[in-house]
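In the working numbering, the protein residues as written are 5 to 163.
Here is the structure we will look at.
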């Protein structure tokens, strides 16, 4: 991983990904934890390169190898689907996140997607649920609720 970071600082993102892929190939069926860390780094670099489909595949590998990071992996996978324009898959993935703090982050991201898609009633319900929890994101949810109230008072109907 350090070699890939050095390659990235000296070269291109593609060179760093290629270096890590070679390391992946050399690992074989090595230590699951090491494979998971490498998959996470490959996913991050792929996402940075806007190669969302490969990033999703690497995050899925990370999800399997590092169970304690499944919430983060689900969130990152959902964000890749969002970047690809697949709102429905992004929503499903965001809403299935179970691990804190990623669960709340996923709910907030899902509500924002629903809001952008005009599903204001559903977004409002999610925001309201978030405001009932003792989490930093509750303030953001309250702000979004206030914005939705202004939209609704302005004559915009909700679905």
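Ideal placement from N, C-alpha and C gives every residue a C-beta, glycine not left out.
Taking 8 Å as the cut-off, decide whether the C-beta atoms of residue i and residue j are in contact.
i	j	result
residue 95	residue 117	yes
residue 154	residue 108	no
residue 76	residue 106	yes
residue 149	residue 128	yes
residue 24	residue 53	no
residue 142	residue 130	no
residue 39	residue 31	yes
residue 88	residue 119	no
DSSP state of residue i, grouped into three classes?
i	result
residue 100	coil
residue 20	helix
residue 110	helix
residue 26	helix
residue 78	helix
residue 33	coil
residue 88	coil
residue 52	helix
residue 137	coil
residue 58	helix
residue 40	helix
residue 73	helix
residue 45	helix
residue 126	helix
Quick check: the Cα distance between residue i and residue j, rounded to an integer number of angstroms?
i	j	result
residue 33	residue 124	47 Å
residue 41	residue 144	32 Å
residue 62	residue 43	5 Å
residue 110	residue 104	10 Å
residue 22	residue 45	12 Å
residue 56	residue 86	10 Å
residue 78	residue 137	21 Å
residue 70	residue 158	47 Å
residue 58	residue 66	12 Å
residue 37	residue 26	17 Å
residue 93	residue 134	22 Å
residue 35	residue 20	22 Å
**Study point:** Three CB pairs or more closer than 8 Å across the segment 70-84 and the segment 98-114
**Key:** yes
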